[in-house]
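As they're listed, the protein sequences go chains P and R. This note's numbering numbers the first residue of the first sequence as 1 and each following residue consecutively. This note's numbering numbers the first residue of the second sequence as 1 and each following residue consecutively. All residues carry an ideal CB built from backbone N, CA and C; glycine is no exception. Below is one structure, written out as structure tokens; the observations come after it.
Protein chains: 2
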Amino acid sequence: MTRTSLKDTNCSWAQGAEAIGDKWTILILRDALRGVNTFSGFAKGIGVSKKVLSQRLDHLHSSGLLAKEPTEAGSSRMTYQLTDKGLALFPVMVALGQWADRWVYGDGNQPMIPVDRRTRQPLDEVVITSEGRGPLTSSDVTLLRNDEQVLARD
Amino acid sequence: MTRTSLKDTNCSWAQGAEAIGDKWTILILRDALRGVNTFSGFAKGIGVSKKVLSQRLDHLHSSGLLAKEPTEAGSSRMTYQLTDKGLALFPVMVALGQWADRWVYGDGNQPMIPVDRRTRQPLDEVVITSEGRGPLTSSDVTLLRNDEQVLARD
Numbered sequence: 001m002t003r004t005s006l007k008d009t010n011c012s013w014a015q016g017a018e019a020i021g022d023k024w025t026i027l028i029l030r031d032a033l034r035g036v037n038t039f040s041g042f043a044k045g046i047g048v049s050k051k052v053l054s055q056r057l058d059h060l061h062s063s064g065l066l067a068k069e070p071t072e073a074g075s076s077r078m079t080y081q082l083t084d085k086g087l088a089l090f091p092v093m094v095a096l097g098q099w100a101d102r103w104v105y106g107d108g109n110q111p112m113i114p115v116d117r118r119t120r121q122p123l124d125e126v127v128i129t130s131e132g133r134g135p136l137t138s139s140d141v142t143l144l145r146n147d148e149q150v151l152a153r154d
Numbered sequence: 001m002t003r004t005s006l007k008d009t010n011c012s013w014a015q016g017a018e019a020i021g022d023k024w025t026i027l028i029l030r031d032a033l034r035g036v037n038t039f040s041g042f043a044k045g046i047g048v049s050k051k052v053l054s055q056r057l058d059h060l061h062s063s064g065l066l067a068k069e070p071t072e073a074g075s076s077r078m079t080y081q082l083t084d085k086g087l088a089l090f091p092v093m094v095a096l097g098q099w100a101d102r103w104v105y106g107d108g109n110q111p112m113i114p115v116d117r118r119t120r121q122p123l124d125e126v127v128i129t130s131e132g133r134g135p136l137t138s139s140d141v142t143l144l145r146n147d148e149q150v151l152a153r154d
């Protein structure tokens, strides 16, 4: 059996992939996290066709990541805002940017540097820890099934 | 101008999106991080058509995230292994899974629980920090241009 939607797949990564597993969606999230909130703002920042941008904004809206309301009462122009569910993707986006900084551009060559707005210091590298142990790699981690707490694979 | 590829876009998130901004690619990474290393293994775990799976494996290979070699000398069957560049996406994948655990399933209802293989303790929540400050949200962070160290937006 083959499939095209992951909506009904009982897996956190499938649900994550269904929500943001699209390159234009990732760029919309990037811009929304920086405060872009209009269709024309997204169009300018991303450079994709209006048709594709509309589809992706609709998907983000129907997934509950992006809220929209008329810019003014009665207006057909919309203002977009990330919901709490959308804002919660911030760590994913930081980790993805750090990955590209390191593995695509190389340390020191990244185009932009995310910093703490107050201190102007760079963000720490995202690392995976457990009860103070870490950084953990994928080989340090295994998955337990939540329903039985048995080992899925070891 | 509209476009379909982000390869030449000078932005870390565009590069990240070009590499993994596809739902099937995210599922391949999920399975590869768990040790799946054959075409049939990916096909079974993901349930997508062989054509799409082939395309996505080729993309991961050409992007340098996945290495492949004949399973046996002279064999046309391939064994796939994440490169260091591919393995380095582990924090992105953990953060994405945690997002879905919390915002799609709700705390305690996630299907699988990633744990430290040695201690059996769950992973800590991925948080964004800077010099000990945090967790930081998107509104705490701004971007500096690397070439000038000037503020891009504030």
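For His59 (chain R), the closest C-alpha among the options R:Asp147, R:Ala19, R:Leu143, R:Gly108 is that of R:Ala19. The criterion of a C-beta distance shorter than 7 Å is satisfied by Leu65 (chain P) and Gly86 (chain P). Contacts between Gly41 (chain P) and chain R, judged by CB atoms closer than 7 Å, are missing: the closest CB pair is about 12 Å apart. With distances taken between CA atoms, Leu82 (chain P) lies nearest to P:Arg34 out of P:Gly47, P:Arg117, P:Arg34. Between Ser12 (chain P) and Tyr105 (chain R) the beta-carbon gap is near 7 Å, inside 8 Å, which marks them as a contact. Rounded to the nearest angstrom, the Cβ distance from Arg56 (chain R) to Asp22 (chain R) is 7 Å, consistent with a contact under 8 Å. For Thr142 (chain R), the closest Cβ of chain P is nearer than 7 Å. Per the DSSP secondary-structure output, Glu69 (chain P) pairs in a beta bridge with P:Thr79. The three-state reading of DSSP puts Ile128 (chain R) in coil, since its state is none of H, G, I, E or B.
Taking C-beta atoms under 8 Å as the contact rule, Leu136 (chain R) and Thr129 (chain R) qualify, at a distance of about 6 Å. Taking the Cβ atoms as the reference, Ala95 (chain R) lies roughly 5 Å from Ala95 (chain P), within the contact range of under 8 Å. Taking 7 Å as the CB threshold, Asp8 (chain P) stays off the interface with chain R. At a cut-off of 7 Å, the C-beta of Asp116 (chain P) has a neighbouring C-beta in chain R. Cβ neighbours of Asn37 (chain R) within its own chain (closer than 8 Å, five residues either side excluded): Thr79, Tyr80, Gln81. In the same chain as Met93 (chain P), and ignoring 5 residues on each side of it, the C-beta atoms closer than 8 Å to its own belong to Ile26, Leu29, Arg30, Leu33, in chain order.
Around the beta carbon of Ser63 (chain P), 16 or more other beta carbons lie within 10 angstroms, which makes this residue buried. Between Ser138 (chain P) and Phe90 (chain R), the C-beta spacing is below 7 Å.
Contact of Lys85 (chain P) with chain R by beta-carbon distance below 7 Å involves Trp103. Asp58 (chain P) carries a helical assignment under DSSP once its states are collapsed to helix, strand and coil. Residues of the stretch 44-67 of chain R whose Cβ lies closer than 7 Å to any Cβ of chain P, in chain order: Gly47, Val48, Ser49. Closer than 7 Å to the CB of Thr71 (chain P) there is not a single CB belonging to chain R.
For Leu6 (chain P), no beta strand (DSSP E) run applies, since DSSP gives it neither H nor E. C-alpha of Ala67 (chain R) to C-alpha of Asp84 (chain R): approximately 10 Å in a straight line. Neighbourhood of Thr119 (chain R) in chain P, by CB distance below 9 Å: Ser130, Glu131, Arg133, in chain order. Around the beta carbon of Ala17 (chain P), 16 or more other beta carbons lie within 10 angstroms, which makes this residue buried.
Comparing C-alpha distances from Asp124 (chain R) to each of R:Gly132, R:Val115, R:Pro70 shows the shortest one belongs to R:Val115. Spatial neighbours of Lys50 (chain R) in its own chain (CB-CB distance under 7 Å, excluding positions within 5 residues in sequence) are listed in chain order as Ala43. Put simply, the CB of Asp22 (chain R) is near chain P, with a gap under 7 Å to one of its CB atoms.
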